[in-house]
Amino acid sequence: LRGRPGAFAKLGFRGVADPRRAESILAAAVDAAERTDPGLAIVAVAYADARRAGSPPLETAPTIAVRARAAGILLDTALKDRGSIFDLCSPSRIAALVKEAHWAGLFVALAGSLDERDLDRAAALGVDIVGVRGAACEGGRAGRVSEARVRRLAERLRLATGPGPVHAAPTPLIPQF
Numbered sequence: 513l514r515g516r517p518g519a520f521a522k523l524g525f526r527g528v529a530d531p532r533r534a535e536s537i538l539a540a541a542v543d544a545a546e547r548t549d550p551g552l553a554i555v556a557v558a559y560a561d562a563r564r565a566g567s568p569p570l571e572t573a574p575t576i577a578v579r580a581r582a583a584g585i586l587l588d589t590a591l592k593d594r595g596s597i598f599d600l601c602s603p604s605r606i607a608a609l610v611k612e613a614h615w616a617g618l619f620v621a622l623a624g625s626l627d628e629r630d631l632d633r634a635a636a637l638g639v640d641i642v643g644v645r646g647a648a649c650e651g652g653r654a655g656r657v658s659e660a661r662v663r664r665l666a667e668r669l670r671l672a673t674g675p676g677p678v679h680a681a682p683t684p685l686i687p688q689f
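Note that my numbering has the sequence shown beginning at 513, numbered continuously upward.
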């Protein structure tokens, strides 16, 4: 990834429940990236299952990211045993976080056991990036990436977002694997 503009590194806070501590760790990562690889964007990961993950509450993600000068936030699930992010977090809660993050100049990625059907919801909520590892692989998240699945996901995104931008955001809605 070094030197490639548009590269991302995500930093999650499983086991770091104190928002101030998470902010401090994130700020150190942003500082390090700025010094060593200015093309690398640091992304703060916020978990819908924050209590189980021992991480800061989901709603603190935009504030932590802004204070630490991160490029964006990833809303995800830490533990993959209780369904998708939509099983743990309502669309209205996600929409509020997306709105707050966009207002603060952050991009928003959404992951957490998303499947093909969830792409329409993600686009409607205004997220900028979706993570679909399990949906792109034969045999789930530990399986092999399937070209046919990736093509289906890309087509679903194209249909969900249309020919133009969904909203004014720093990056287009694109799948990430």
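Note that beta-carbon positions come from the ideal geometry of N, C-alpha and C, so glycine has one too.
Practice task
Could you tell me which of Ala616, Ser625, Leu637 and Glu546 sits nearest to Gly607, measuring between CA atoms?
Solution key: Looking at the sequence provided, one finds Ala at residue 607 rather than Gly. That would be Leu637, whose Cα lies nearest to the Cα of Ala607.
Exercise for the section: Sort out for me which residues DSSP pairs Leu552 with in a bridge. Expected result: Ala519
Practice task
Could you check the C-alpha separation between Leu609 and Phe619 for me, to the nearest Å?
Solution key: 11 Å
Practice task
Check whether the stretch 522 to 539 touches the stretch 649 to 669, taking contact to mean three or more Cβ pairs, one atom from each stretch, closer than 8 Å.
Solution key: Result no; under three Cβ-Cβ pairs closer than 8 Å.
Exercise for the section: Go to Phe598, then tell me how far its alpha helix (DSSP H) extends in each direction, as first and last residue. Expected result: Ile597 to Leu600
Exercise for the section: Give the DSSP bridge partners of Ala672, in chain order. Expected result: Under DSSP, Ala672 shares a beta bridge with no residue.
Handout entry: Cα-Cα separation, Glu546 to Ala556
Key = One C-alpha to the other measures close to 15 Å.
Practice task
State the beta-bridge partners of Ala621 as determined by DSSP.
Solution key: Leu586 and Ile641
Handout entry: Three-state class that DSSP yields for Arg581 in the structure shown
Key = coil
Exercise for the section: Assuming Leu587 and Leu600 form a contact by the criterion Cβ under 8 Å, report the distance between their Cβ atoms to the nearest whole angstrom. Expected result: Rounded, the Cβ-Cβ distance is 10 Å, inconsistent with contact.
Exercise for the section: Spell out a yes or no on whether the stretch 576 to 592 and the stretch 626 to 637 are touching, meaning 3 or more CB-CB pairs, one atom from each, closer than 8 Å. Expected result: no
Handout entry: With 16 other Cβ atoms within 10 Å as the buried cut-off, status of Pro550
Key = exposed
Exercise for the section: Quick one: residues in its chain with C-beta nearer than 7 Å to the C-beta of Val639, no 5 flanking neighbours on either side, listed in chain order? Expected result: Val610, Val620, Ala621, Leu622 and Leu685
Practice task
Taking only heavy atoms of the ligand FMN into account, decide whether any of them is closer than 6 Å to the Cβ of Val528.
Solution key: Questions concerning the ligand FMN fall outside what the structure shown contains, since it holds no ligand whatsoever.
Practice task
From the DSSP output, read off the bridge partner residues of Ala558.
Solution key: Leu587
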